[in-house]
Amino acid sequence: GENLAEVASIAEELEPRANRLPQIEERLRETELERTSLDEMDASLQNQRQEEQTVAARVGYLDQVNSDQMREMEETRRKFDMLRHDGASCPLCKQPLGPDGQEHLRREYEVQGRDGRRRYDANSEEQRALGVKYKELVGLVARQETERDARQREAQSTVTTLERDLKDAQAAQRELQPAV
């Protein structure tokens with residue numbers, strides 16, 4: 003009688019643990035979905051980091067182009083200013099220029115200067131807009147990485163707990179087999 007009561011008591015203790023097995027297995031399948039979601043998030047973050055690098059490279063390129071453009075504008079200005087002096091000469095053949103030749107070159111240098119300034123300003127505007135976009139991307143990537151890291155830690159913790167609970171439920175089920 004006492005042995006039967008002991009077996010019943012053990013079974014009463016083990017059954018709730020063993021009965022949790024399907025629930026634990028379902029939760030483990032759910033964590034696989036979270037892992038898939040996290041993998042997709044990683045792929046998205048990689049694309050955003052690539053875009054961030056592309057934007058940064060374009061900003062660097064525009065910076066170099068504008069440095070070159072500024073040197074070109076300064077050179078055009080220097081040539082323009084040289085036309086103010088009497089006895090200015092042709093930049094190609096070095097022959098003295100008459101008033102008509104000077105006026106023609108002056109207009110040509112003004113056009114070059116305005117075109118250079120227009121390109122410089124357009125590049126500067128694109129650079130400014132891309133700088134804003136770059137900062138937004140950096141912030142977005144940082145926030146998403148933080149979220150992903152937190153979700154990964156939580157998922158790993160959940161899996162660890164569920165795997166422990168699974169072993170416990172399986173052990174309870176094995177102990178019940180001879181008892182029932």
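All the letters of the sequence shown, read from the start, carry residue numbers 3 to 182 under the working numbering.
Beta carbons: idealized from backbone N, C-alpha and C, even for Gly.
Source: prediction; values computed, not measured.
C-alpha gap between residue i and residue j, whole angstroms
i: Glu77; j: Gly133; result: 29 Å
i: Ser126; j: Asp117; result: 14 Å
i: Leu94; j: His87; result: 17 Å
i: Ser39; j: Asn21; result: 29 Å
i: Gln48; j: Tyr63; result: 23 Å
i: Glu42; j: Val67; result: 38 Å
i: Arg153; j: Arg145; result: 12 Å
i: Val9; j: Arg166; result: 25 Å
i: Cys92; j: Thr56; result: 44 Å
i: Asp44; j: Ala58; result: 21 Å
i: Leu35; j: Ser11; result: 38 Å
i: Phe82; j: Asp65; result: 25 Å
Three-state secondary structure assigned by DSSP to residue i
i: Pro24; result: helix
i: Pro101; result: helix
Cβ separation of residue i and residue j, assumed to be a contact under 8 Å, to the nearest whole Å
i: Glu54; j: Tyr111; result: Going by Cβ atoms, the distance from Glu54 to Tyr111 rounds to 41 Å, so no, they are not a contact pair.
i: Leu168; j: Ile26; result: 5 Å
i: Gln104; j: Ala90; result: 6 Å
Residue of the options minimising C-alpha distance to residue i
i: Val61; options: Asp83, Gln129, Val143, Glu74; result: Gln129
i: Ser46; options: Val9, Glu138, Val143, Phe82; result: Val143
i: Leu107; options: Arg120, Tyr122, Ser11, Met84; result: Met84
i: Arg51; options: Glu156, Gly141, Asp170, Arg155; result: Gly141
i: Tyr74; options: Ala131, Arg155, Tyr122, Ala157; result: Reading the sequence as shown, one finds Glu at residue 74 and not Tyr. It is Tyr122 whose Cα lies nearest to the Cα of Glu74.
Cβ-heavy atom distance, residue i to the ligand ZN, below 6 Å
i: Tyr111; result: Of ligands this structure carries none, so the ligand ZN is not represented either.
Is the stretch 11 to 25 touching the stretch 157 to 175, taking contact as three or more C-beta pairs under 8 Å? yes
Spell out a yes or no on whether the stretch 99 to 111 and the stretch 64 to 84 are touching, meaning 3 or more CB-CB pairs, one atom from each, closer than 8 Å. yes
How do the stretch 149 to 162 and the stretch 29 to 48 stand: do at least 3 beta-carbon pairs fall below 8 Å, yes or no? yes
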